[in-house]
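Engineer: The numbering of the sequence shown is numbering that gives the first Met the number 0, which starts it at 0 and goes up by one.
Backbone N, C-alpha and C define an ideal beta-carbon position, used for all residues, glycine too.
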Amino acid sequence: MLVRPEYEAITGDAEDVVLWRTAEGVARASVPHAARHSPTGIEWGYGGSGPADLALSVLLALVGERAANALYQRFKHEVVARVPETGGVLRAADVRAWVERQAA
Numbered sequence: 000m001l002v003r004p005e006y007e008a009i010t011g012d013a014e015d016v017v018l019w020r021t022a023e024g025v026a027r028a029s030v031p032h033a034a035r036h037s038p039t040g041i042e043w044g045y046g047g048s049g050p051a052d053l054a055l056s057v058l059l060a061l062v063g064e065r066a067a068n069a070l071y072q073r074f075k076h077e078v079v080a081r082v083p084e085t086g087g088v089l090r091a092a093d094v095r096a097w098v099e100r101q102a103a
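(1) Could you check what DSSP says for W97 in three-state terms: helix, strand or coil?
(2) Identify the continuous alpha helix (DSSP H) that holds R90 and give its terminal residues.
(3) Say whether the segment 79-94 touches the segment 38-53, bearing in mind that this needs 3 or more beta-carbon pairs closer than 8 Å, one atom from each stretch.
(4) Excluding five sequence neighbours on each side, which residues of the same chain lie with their C-beta closer than 6 Å to the C-beta of A98?
(5) Quick check: V16 and V79, are their CB atoms within less than 8 Å of each other?
(6) Could you give the DSSP three-state label for R81: helix, strand or coil?
(7) Which residue's Cα is closest to the Cα of A33: E23, G24, V57?
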């Protein structure tokens, strides 16, 4: 399972990507926003422009530009669209393993 909603109880890798919402409900992530599709920010839980930017942002941070550009739309549909509304954690090791499986 790539998304771990119980992130407060996990002592994970410093590269793990934490997703949360502010008190106002604004989506936030522990990686910089790579704005390509959504100038207003990231999002998750569905397959739109905000989730596309989150997918790109996560992959750029963890696996580099080439893999990120090639895989972010698939990552959006398979992973980001399934993140619970409240957020969670994308473990860096799980994301890298997902990327490796795409090459197989």
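Structural biologist: This is what the structure holds:
(1) Here residue 97 refers to the residue found at position 98 when the sequence shown is read from its first residue. Looking at W97 - three-state DSSP - the assignment turns out to be helix.
(2) Locating residue 90 in the sequence shown gives position 91, where the first residue counts as 1. R90 -> no alpha helix (DSSP H), and no H or E assigned at all.
(3) yes
(4) Here residue 98 corresponds to residue number 99 of the sequence shown, with the count starting at 1. The question names Ala, but residue 98 is Val in the sequence shown. Once the five neighbours on either side are set aside, the close Cβ partners of V98 are V62, A66.
(5) The residue you call residue 16 lines up with position 17 of the sequence shown. The residue you call residue 79 lines up with position 80 of the sequence shown. Not a contact, by the Cβ cut-off of 8 Å.
(6) Taking the first residue of the sequence shown as 1, we reach residue 81 at position 82. Helix.
(7) The count along the sequence shown starts at 1 and reaches residue 33 at position 34. Residue V57 is the option with its Cα nearest to A33.
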